[in-house]
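Participant:
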Amino acid sequence: MLSTIDRLIILKSISIFSETPDDVLVEVTSQLKDHTVNTGEVIFEKGELGDCLYIIVEGEVRVYDGERTLNHLGERAVFGEMAVLDPAPRSTSVMATTETRLFRLDRDSFYRSIGGRVEVLYRIIHILCQHLRLRIDDSAEDYKYMMQFARVTAAAVAVEAGAYESSSLDEVASRTDALGQLARVFQHMAAEVYAREQRLQQQVQALQIELSAAKQQRQVAEITETTHFQDLLAKASSLRAIMEGTKE
Amino acid sequence: MARIISVHSFRGGTGKSNTTANVATLLAAEGHRVGVIDTDIQSPGIHILFGLAGHEIAYTLNDYLWGRAEIGQIARDITPNLEADLRGRLFLIPSSIKAGDITRVLREGYDPEVLTRGYRKLVEELQLDVLMIDTHPGLNDETLLSIVISDVLAIVMRPDQQDYEGTGVTVQVARKLQVPKMWLVINKVPEIFDAADVKSRVEQTYGCDVAAVMPLTNEMVTLASSGIFALRYPQHRLTTLYRQVAAALMG
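Structure follows, in structure tokens:
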């Protein structure tokens with residue numbers, strides 16, 4: 000068990016309490032509950048109703064949403080503060096990534112001891128603003144991702160319609176993530192398909208030239224076996240002689 | 000002795016008259032005296048490319064065939080019409096565009112010897128270096144005669160099935176008539192085709208040299224029959240290819 004002094008020192012090093020007078024913090028220390036979690040243990044899950052905030056004394060936690068890790072927090076970090084201010088379900092899940100010692104402060108204790116302290120609320124608002132800003136950036140990034148993904152889909156439709164332009168994917172292809180790789184592979188494949196189509200078209204036409212040989216022979220015979228053709232052939236050297244000026 | 004060049008295509012719409020007009024103009028630009036005979040009597044049109052209106056034509060090839068005019072009277076010096084700096088001269092011998100005349104030619108036909116003497120006289124009187132004969136599509140009597148008296152036969156074809164067959168027939172018939180040299184001109188080739196590949200496939204199929212593979216370009220489509228492409232777009236790659244055809248036919 001930590002002494003009141005130890006607890007006070009820890010609280011004083013936490014940003015939300017940095018400007019709170021010691022006498023107020025001493026009262027807070029009496030409200031703190033010790034909580035130790037093992038590696039891999041879930042502290043709370045998204046969607047649960049929360050009624051307390053946590054302060055990390057020692058160890059590390061992972062903040063996540065489903066598969067996606069949002070943050071890693073270490074000593075002296077505060078989490079779960081939103082549940083104290085707003086009685087809504089937890090917006091993320093938190094898990095200990097190592098054996099972690101926490102202080103837990105319940106909503107009722109929080110309001111009773113420091114709920115009215117402007118400097119504490121001010122610091123909490125500051126933290127909330129930071130979170131909000133990260134979320135907005137995330138959303139903007141998500142939106143951009145979706146728009147670029149839509150471009151790949153549009154390119155696939157364009158290939159089908161024969162209106163595909165490779166340059167439409169240049170921007171997406173410059174991404175360094177999996178979507179960028181998808182766009183690059185798509186560009187490469189579309190070029191391959193196009194080239195193969197062209198080769199095939201030419202092969203088909205060349206093949207058709209071969210196929211008509213027998214029909215041609217018949218058509219040639221139809222012309223060369225006429226009396227007119229035979230007459231002309233007979234007169235040919237005479238006509239050439241006229242043209243060359245050797246016959247009047 | 001003038002070089003006699005027949006330009007033929009098995010079917011209409013291959014760009015035969017355009018090819019004839021452009022090659023003739025380029026040869027005239029190089030300083031040759033060039034005569035273009037339009038024996039495409041059933042559907043005359045090459046005069047339009049040379050900026051000659053139908054009512055400006057006083058005598059035509061038909062008048063000569065019926066003994067109504069001397070061949071010198073029907074040859075039109077169209078060098079000034081082209082409004083270009085040509086070192087040589089360009090003469091056009093138009094055929095009749097009047098429906099009655101056309102029907103009469105089709106009905107009565109004409110004597111191959113009369114026509115050949117006419118060609119000879121034309122070459123002499125106009126002191127021609129080159130005589131180009133723009134033939135009628137298909138292989139009718141006039142066309143066969145033109146092939147017989149030509150030094151060179153150029154066959155204009157498009158890369159499509161019907162032209163493949165028709166060109167094959169023409170090549171074989173022309174061989175029987177012992178034309179000294181034959182060239183194929185592959186015209187209106189969509190840009191998606193590889194020109195070298197088209198050239199080698201066609202040469203392999205017909206055993207006949209290809210003078211040029213001419214792409215189907217927007218500029219040509221836009222200009223259509225309203226002028227001579229090589230004069231309008233002297234730097235265009237199509238003009239370079241017409242020049243290549245001209246060199247092949249003269250070589």
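Going down the list, the sequences are from chains P and A.
Note that numbering that gives the first Met the number 0 has the first sequence beginning at 0, numbered continuously upward.
Note that numbering that gives the first Met the number 0 has the second sequence beginning at 0, numbered continuously upward.
Even for Gly, the Cβ is constructed at its ideal location relative to N, Cα and C.
The model shown is predicted, which means the values in this text are computed figures rather than measured ones.
Would you kindly report the start and end of the unbroken beta strand (DSSP E) that includes A/V178?
Facilitator: As a working note, residue 178 of chain A is residue 179 in the second sequence. From DSSP, A/V178 is part of no beta strand (DSSP E); its letter is neither H nor E.
Participant: Looking at chain P, which residues of the stretch 148 to 175 of chain A have a Cβ within less than 7 Å of any of its Cβ atoms?
Facilitator: I148, P158, Q160, Y163, E164, G167, V168, Q171, V172, K175
Participant: Which of the three DSSP states is assigned to A/M156 in this structure?
Facilitator: Against the second sequence, residue 156 of chain A aligns to sequence position 157. Looking at A/M156 - three-state DSSP - the assignment turns out to be strand.
Participant: Looking at C-beta atoms only, is the number of pairs between the stretch 33 to 42 of chain P and the stretch 89 to 97 of chain P that lie closer than 8 Å three or more?
Facilitator: Look at the beta carbons and you see the stretch 33 to 42 of chain P touching the stretch 89 to 97 of chain P: at least three pairs across the two are nearer than 8 Å.
Participant: Check the Cβ of A/S0 against every Cβ in chain P and list those closer than 8 Å, keeping chain order.
Facilitator: Within the second sequence, the letter at position 1 stands for residue 0 of chain A. The sequence given here places Met at residue 0 of chain A; Ser does not occur at that position. Correct list: E243, G244.
Participant: Please state if the CB of A/N17 and the CB of A/L60 are separated by a distance shorter than 9 Å.
Facilitator: Counting from one through the second sequence, the residue named residue 60 of chain A turns up at place 61. Counting from one through the second sequence, the residue named residue 17 of chain A turns up at place 18. No, Cβ-Cβ distance for A/L60 and A/N17 is not below 9 Å.
Participant: Kindly indicate which residue of P/A177, P/I126, P/L120 has the alpha-carbon position closest to the one of P/G148.
Facilitator: One-based indexing of the first sequence puts residue 148 of chain P at position 149. One point to set straight first is that residue 148 of chain P is Phe, not Gly, in the sequence displayed. The candidate whose alpha carbon is nearest that of P/F148 is P/A177.
Participant: Which of the three DSSP states is assigned to A/A213 in this structure?
Facilitator: The sequence position of residue 213 of chain A within the second sequence is 214, counting from 1. It should be noted that the sequence gives Met, not Ala, for residue 213 of chain A. Looking at A/M213 - three-state DSSP - the assignment turns out to be strand.
Participant: If you draw a straight line from the C-alpha of P/L210 to the C-alpha of A/A74, how long is it?
Facilitator: The sequence position of residue 210 of chain P within the first sequence is 211, counting from 1. The sequence position of residue 74 of chain A within the second sequence is 75, counting from 1. With a pLDDT of 49 at P/L210, under the threshold of 50, the modelled position of this residue cannot be trusted; read the value that follows with caution. Cα-Cα distance, rounded: 45 Å.
Participant: Would you list the residues sitting across from A/N21 in a DSSP beta bridge?
Facilitator: Here residue 21 of chain A refers to the residue found at position 22 when the second sequence is read from its first residue. Answer by DSSP bridge pairing: none, since A/N21 is not bridged.
Participant: Report yes or no: is there a C-beta of chain B within less than 9 Å of the C-beta of A/Q177?
Facilitator: The chain inventory of the structure shown lacks chain B, comprising the protein chains P and A.
Participant: Counting only the same chain and skipping the five closest in sequence on each side, list residues whose C-beta sits under 6 Å from that of A/P136.
Facilitator: Here residue 136 of chain A refers to the residue found at position 137 of the second sequence. Excluding residues within five positions, the ones whose Cβ falls inside 6 Å are S8, R10, G11.
Participant: Work out the CA separation of P/E243 and A/N80 for me, nearest whole Å.
Facilitator: The residue labelled residue 80 of chain A in the question sits at position 81 within the second sequence. The residue labelled residue 243 of chain P in the question sits at position 244 within the first sequence. Rounded to the nearest whole angstrom, the C-alpha separation of A/N80 and P/E243 is 31 Å.
Participant: For the stretch 114 to 139 of chain A, which residues have a CB atom closer than 7 Å to at least one CB atom of chain P, in sequence order?
Facilitator: Cβ contacts with chain P come from T115, R116, Y118, R119, L138.
Participant: Is the CB-CB distance between A/V178 and P/L238 below 9 Å?
Facilitator: Residue numbering aside, residue 178 of chain A sits at position 179 when the second sequence is read from its first letter. Residue numbering aside, residue 238 of chain P sits at position 239 when the first sequence is read from its first letter. Their beta carbons are not under 9 Å apart, which means A/V178 does not touch P/L238 by this criterion.
Participant: Distance, Cα to Cα, A/L25 vs A/V35?
Facilitator: To locate residue 25 of chain A, count along the second sequence from 1; it is residue 26. To locate residue 35 of chain A, count along the second sequence from 1; it is residue 36. Spanning the two alpha carbons is a distance of roughly 13 Å.
Participant: Provide the residue span of the beta strand (DSSP E) that contains A/R2, from first to last.
Facilitator: The residue you call residue 2 of chain A lines up with position 3 of the second sequence. Element bounds for A/R2: 2 to 7.
Participant: With A/S145 and A/T38 assumed to form a contact (beta carbons below 8 Å), what rounded beta-carbon distance in angstroms separates them?
Facilitator: Indexing the second sequence from 1 puts residue 145 of chain A at position 146. Indexing the second sequence from 1 puts residue 38 of chain A at position 39. With 8 Å as the limit, A/S145 and A/T38 qualify as a contact, their Cβ atoms being about 6 Å apart.
Participant: According to DSSP, P/C51 sits in a beta bridge with which residue or residues?
Facilitator: Here residue 51 of chain P is taken as the residue at index 52 of the first sequence, counted from 1. Bridge partners of P/C51: P/D105.
Participant: Applying the 10 Å Cβ sphere with the 16-neighbour rule, what's the burial state of P/H187?
Facilitator: What you label residue 187 of chain P is simply residue 188 of the first sequence in a count that begins at 1. P/H187 comes out exposed.
Participant: Using a Cβ cut-off of 9 Å, pull out every chain P residue sitting near A/I3, in sequence order please.
Facilitator: The residue given as residue 3 of chain A occupies position 4 in the second sequence. What A/I3 touches in chain P: M242.
Participant: For the ligand FMN, is there any heavy atom lying closer than 8 Å to the beta carbon of P/L84?
Facilitator: Among the components of this structure there are no ligands whatsoever, and the ligand FMN is therefore not found.
Participant: Figure out for me which residue from P/I13, P/Q216, P/F43, P/M146 has the closest Cα to the Cα of P/G65.
Facilitator: Along the first sequence, one-based indexing puts residue 65 of chain P at 66. For the residues P/I13, P/Q216, P/F43, P/M146, the minimum Cα distance to P/G65 belongs to P/F43.
Participant: Within a Cβ cutoff of 6 Å, which residues of the same chain sit near P/L206, ignoring the five residues on either side of it in sequence?
Facilitator: Reading the first sequence from its first residue, position 207 is the one you call residue 206 of chain P. The pLDDT assigned to P/L206 is 40, lower than 50, so where the model puts this residue is not dependable; a value taken from the coordinates is nonetheless given after this. Here the set comprises nothing.
Participant: Pick from P/A220, P/T3, P/D22, P/V151: whose alpha carbon is nearest that of P/R116?
Facilitator: For the purposes of this step, residue 116 of chain P is taken as residue 117 along the first sequence, with counting starting at 1. Residue P/D22 is the option with its Cα nearest to P/R116.
Participant: Using beta carbons (cut-off 9 Å, strictly below), is A/F90 in contact with chain P?
Facilitator: Taking the second sequence and counting its residues from 1, one reaches residue 90 of chain A at position 91. False, the Cβ-Cβ gap to chain P never drops below 9 Å.
Participant: Can you tell me which of the three DSSP states P/R89 falls into?
Facilitator: As a first step, residue 89 of chain P is located in the first sequence; it is residue number 90 there, counting from the start. Three-state result, P/R89: coil.
Participant: Near P/R183, what residues of its chain come up, given a Cβ to Cβ distance below 6 Å and the 5 sequence neighbours on each side ignored?
Facilitator: As a position in the first sequence, residue 183 of chain P is number 184, starting the count at 1. Same-chain partners within the cutoff: A172.
Participant: For A/V151, collect the residues of the same chain with a Cβ closer than 8 Å to its Cβ; drop the 5 residues on either side in sequence, then sort them by chain order.
Facilitator: Counting from 1 along the second sequence, the entry for residue 151 of chain A is found at position 152. So the list reads R2, I3, I4, S5, V178, P179, K180, M181, W182, L248, once near-sequence residues are dropped.
Participant: Could you list which residues in chain A have their beta carbon closer than 7 Å to that of P/H227, in chain order?
Facilitator: Position 228 of the first sequence holds residue 227 of chain P. Those are D140, listed as they occur along chain A.
Participant: Identify whether P/Y193 lies in helix, strand or coil by the three-state DSSP scheme.
Facilitator: Locating residue 193 of chain P in the first sequence gives position 194, counting from the first residue. Reduced to three states, the DSSP call for P/Y193 is helix.
Participant: Please list, in chain order, all residues of the same chain as A/A262 whose beta carbon is under 6 Å from its beta carbon, the five residues on each side excluded.
Facilitator: For residue 262 of chain A there is no data in the structure shown, the boundaries of chain A being 0 and 250.
Participant: Which bits of chain P does A/L144 rub up against, with CB to CB less than 8 Å?
Facilitator: Within the second sequence, numbered from 1, the residue matching residue 144 of chain A stands at position 145. L231, L238, listed in chain order.
Participant: According to DSSP, simplified to helix, strand and coil, what is P/E250?
Facilitator: An answer regarding residue 250 of chain P cannot be provided, because it is not within the stretch 0 to 247 covered by chain P.
Participant: Going by beta-carbon coordinates alone, are P/I113 and P/V27 separated by less than 9 Å?
Facilitator: For the purposes of this step, residue 113 of chain P is taken as the residue at position 114 of the first sequence. For the purposes of this step, residue 27 of chain P is taken as the residue at position 28 of the first sequence. Contact flag set, yes.
Participant: Is the stretch 134 to 143 of chain P close to the stretch 159 to 174 of chain P, with three or more CB pairs under 8 Å?
Facilitator: no
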